[in-house]
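Since the structure comes first, as structure tokens, the remarks are kept for the end.
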Amino acid sequence: MHDGPTRGGTRGGQGDFRWDDVKNDKHRENYLGHTVNAPVGRWQANKDVHWYSRDGNDDAEAEAERRKEEIRKLKQQEEDALSAALGFAPVKRDDDSGGTGANNIPVRGELERREKEAKKREKE
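Residue numbers (the numbering used here): 61 to 184.
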């Protein structure tokens, strides 16, 4: 019967191996995977060298979708502001929810209301 190794521990120094030691070794090019597991130099500064093996993150997808939606809304607001500046009638959109942004405040209606109030005060 064979229950495992006759001697405990690791053989060949496998337990003592560290990729950090490979970074300083003059024969580091002899190790397979040395460019990824023991990166040295300016090329690897602040880079994720294991990007290919990471799982896709659902949060990143949701964030990208949220960002695309925000950009779409901003482009619509810019388009509406430009058409209002050129004197065109505002476009009524199906997904118009009113919004709370500064570009969604009806300026002309507010100015007209204030002018009417000022005229009423003058009459009194």
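Ideal Cβ placement from N, Cα and C applies to all residues, glycine included.
- Nearest to R153 by alpha-carbon distance, out of D140, G147, L146 and A144, is D140.
- If you look at D80, you'll find it in the alpha helix (DSSP H) that goes W79 to N84.
- Taking the C-beta atoms as reference points, A105 is found no nearer than 8 Å to K83.
- Counted as a single uninterrupted DSSP element, the stretch harbouring V109 is not any alpha helix (DSSP H), since DSSP gives it neither H nor E.
- Assignment of V96 by DSSP, reduced to helix, strand and coil, places it in the helix class.
- In the structure shown, A141 adopts helical secondary structure according to DSSP, grouped into three states.
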